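Residue 1092 is where the sequence shown starts when you use the working numbering, and the numbers rise one by one after that. Ideal Cβ positions, reconstructed from N, Cα and C, are used throughout, including at glycine. As the structure is a prediction and not an experimental result, all values here were calculated from the model. Have a look at the structure below, then the notes.
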Amino acid sequence: MAKLMPRRRFLQTCSAGAAALHLATRHAAAQSESESDSSENRRVVVGIMGLNRGLALTRLFAAQPNVEIRYLCDADQDRIAAGVAALKSRSPNQAKVEGVQDFRRILDDQTVDVLVCAAPNHWHAPATILACQSGKHVYVEKPCSHNPWEGEAMVRAARTHGRVVQLGTQRRSSPGTQLAIQRLHDGAIGKVYLAEAVYRSARGSIGIGQSADVPERLDYDIWQGPAPRKPYIDNLVHYNWHWRWHWGNGELGNNGIHTLDLCRWGLGVVAPQRVVSSGGRYAFQDDQETP
């Protein structure tokens, strides 16, 4: 397969970047309307990248009457096969779906309107930027990016290419949550000065990974993408990358982002003036690096 350039160089050479939180500019909305062929019934063609969280998103998109899922993409052939089979069984109207390992197949297809990126965190910014440059709108899972610098590059790409990009902080789309926040802002409990975000999960140890041959089903090169190369270990794919700084952001980026976003929304603030951090890892002696 084609060689992927290093992550930092890729991001530096991109002419722009793509979006953060529910970004939809007037220009993008107008352009989207002009592409609709003046028909409210035109099907929106979607490609979904990353078939862990992406499988849940596949079910949600397939349930929409005007959505065609054209591609399911994953670096793991077994996941592709399982995802395609499940979609065809559950949604016979999606029988044309094709499974691919390389998401650039989605970018190259000019009939695709939307890229859904549910790949690991280190892919969020590169995939979103490339999709914007390819003329596609994007739904990208949280966290927006692997680091703040990449998030800013994503915003530039969405604005430069006039694309609509939405981040997967889906609580913002919940009518019940919207009503609660509106009542909060209307003063239902008075002036709010403080919000506390708490997330707990009874996760077990990820153990100590051992060097191993890459499984034949897995394209580890495309899985790593533009991230600096690391040897394959047997406790990394498909979930424990979350707990390694090289690819993930720990529980803060995995689930904490949702509770923090609600606090930020409720308080009506944008960015912190300062950040204080404390804590540690006390339960397990394993490969996990992140809190």
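In the three-state reduction of the DSSP assignment, His1237 falls in the coil class. Within the same chain, Thr1350, Leu1351 and Cys1354 come within 6 Å of Ala1288 by CB-CB distance, once the 5 residues on both sides are set aside.
Take Gly1370, set aside five residues on each side of it, and the residues of its chain with a beta-carbon closer than 8 Å to its own are Pro1382, in chain order. Here Ile1160 has Val1137, Ile1139, Thr1149, Phe1152, Ala1153, Leu1178, Gln1185 and Val1188 as same chain residues with Cβ atoms under 7 Å from its own Cβ, once five neighbours each way along the sequence are excluded.
Only buried fits Gln1315, as 16 or more other CB atoms lie within 10 angstroms of its CB. Distances from the CA of Arg1195 to each of Ile1313, Trp1334 and Arg1320 were compared; the closest alpha carbon is that of Ile1313. The DSSP-derived three-state label of Gln1257 is strand. Shortest Cα-Cα distance from Asp1193 to any of Arg1294, Leu1163 and Glu1342 involves Leu1163. Taking all protein chains shown into account, Gln1379 has 16 or more neighbouring C-beta atoms within 10 Å of its C-beta and is therefore buried.
Per DSSP, Gly1357 is one residue of the alpha helix (DSSP H) stretching across Ile1348 to Leu1358. Looking at the DSSP output, Tyr1230 sits in a beta bridge with Val1207 and Gln1257. Between His1237 and His1215, the beta carbon gap of about 7 Å places them in contact (Cβ cut-off 8 Å). Proximity of the stretch 1279-1286 to the stretch 1356-1367 meets the contact definition, three or more beta-carbon pairs being nearer than 8 Å. Minimum Cα-Cα distance from Thr1202 among the listed residues Ala1218, Cys1208, Asn1212 and Ala1222 corresponds to Ala1222. Taking C-beta atoms as the reference points, Ser1292 and Asn1346 count as a pair closer than 8 Å. Apart from sequence neighbours up to five positions away, the residues of its chain that approach Ser1296 with a beta-carbon distance below 6 Å are Phe1375 and Asp1377, ordered along the chain. If you draw a straight line from the Cα of Tyr1230 to the Cα of Val1255, it comes to about 8 Å. Around the beta carbon of Leu1258, a 10 Å sphere encloses 16 or more other beta carbons of the protein chains shown; the residue is thus reported as buried. In this structure, DSSP gives Gly1190 an extended state, which the three-state scheme calls strand.
In the DSSP annotation of this structure, the continuous segment of the alpha helix (DSSP H) that includes Arg1195 starts and ends at Arg1195 to Asp1199. For Asp1167, the beta-bridge partners assigned by DSSP are Leu1309.
Fewer than three Cβ pairs drawn from the stretch 1258-1274 and the stretch 1328-1344 lie within less than 8 Å of each other, which leaves the two stretches out of contact. The DSSP assignment places complete alpha helix (DSSP H) segments of no fewer than 4 residues inside the stretch 1271-1332 at 1311-1315, in order along the chain. Shown here, Glu1243 sits in a helix according to DSSP, grouped into three states. Residue pairing from DSSP places Gly1138 in a beta bridge opposite Tyr1162 and Leu1206.
Counted as a single uninterrupted DSSP element, the alpha helix (DSSP H) harbouring Ala1147 occupies residues Arg1144 to Ala1153. In this chain, Thr1381 is not harboured by any alpha helix (DSSP H), its DSSP state being neither H nor E.
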